[in-house]
Amino acid sequence: MDNTEKNRLFRNFLKDHTFATISTVSPQQKPESATVEYFLLDEGLDVVFRTQTNFRKYKNLKQNPAVALQIRAQETSTLQYEGMAQEIALDSLSVNEKIAIASRSISGRVIYEEDKGVYFRIKPTWIRLTDVSKQPWEEVTLVVK
Numbered sequence: 035m036d037n038t039e040k041n042r043l044f045r046n047f048l049k050d051h052t053f054a055t056i057s058t059v060s061p062q063q064k065p066e067s068a069t070v071e072y073f074l075l076d077e078g079l080d081v082v083f084r085t086q087t088n089f090r091k092y093k094n095l096k097q098n099p100a101v102a103l104q105i106r107a108q109e110t111s112t113l114q115y116e117g118m119a120q121e122i123a124l125d126s127l128s129v130n131e132k133i134a135i136a137s138r139s140i141s142g143r144v145i146y147e148e149d150k151g152v153y154f155r156i157k158p159t160w161i162r163l164t165d166v167s168k169q170p171w172e173e174v175t176l177v178v179k
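Note that the sequence shown covers residues 35 to 179 in this note's numbering.
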């Protein structure tokens with residue numbers, strides 16, 4: 035499978051799901067995980083999520099931007115996604131990206147400049163999709179440079 039096919043496979047999986055478990059590292063070098071609603075942007079495999087500045091993940095990411103996401107599809111497959119997170123300003127997103135985020139949001143939030151949340155964009159460095167419904171398990175891995 036070439037990288038174009040892998041990208042399509044991963045994008046379809048990411049579009050079919052809404053929540054991920056995100057893992058960050060605390061200043062004391064301890065792992066911390068939380069569930070986040072994520073949004074897949076136009077092209078590529080970058081995702082965006084929203085948090086608050088008083089949450090642990092925000093403080094962790096300001097110190098260490100490395101993250102790992104895990105997205106699970108019932109009992110059949112799981113996507114592991116590692117990357118680097120960077121805080122972004124809402125005005126750095128295109129109108130289409132803002133609309134995509136607002137329309138996909140479970141809570142139906144509309145994004146305004148006065149939104150109290152902060153947004154992070156994650157650029158992937160490594161992704162693996164594992165389908166455990168097949169024997170042997172089927173794995174597709176992509177290292178992003």
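Think of the CB as a built atom: it goes at the ideal place given N, C-alpha and C, for glycine as much as any other residue.
Burial is judged here by how many other beta carbons sit within 10 angstroms of a residue's own beta carbon; ARG155 has at least 16 and is buried. As a beta-bridge residue in DSSP terms, PRO65 pairs with VAL59.
LEU113: not part of any alpha helix (DSSP H); member of the beta strand (DSSP E) spanning 111-122, first to last residue.
Contact between ARG162 and GLN114 holds, since their C-beta atoms are separated by about 5 Å, short of 8 Å. Per DSSP, reduced to three states, the secondary structure at LYS168 is coil, with no helix or strand assignment. Residue environment analysis places ASN94 among the buried positions, since at least 16 neighbouring C-beta atoms fall within 10 angstroms of its C-beta. Close CB contacts of MET118 within its chain, under the 8 Å cut and outside five residues either way in sequence, are with PRO99, ALA100, VAL101, ILE156, LYS157 and THR159 (chain order). When DSSP states are grouped into helix, strand and coil, LYS96 belongs to the helix group. Buried is the label assigned to ALA54, since at least 16 other Cβ atoms lie within 10 Å of its Cβ. A Cβ-Cβ separation of about 16 Å leaves VAL152 out of contact with GLU131 under the 8 Å criterion. Annotated three-state conformation of PHE89 is coil, per DSSP. A check of alpha carbon separations from ARG84 across GLU77, LYS64, TYR72 and GLY78 identifies TYR72 as the nearest.
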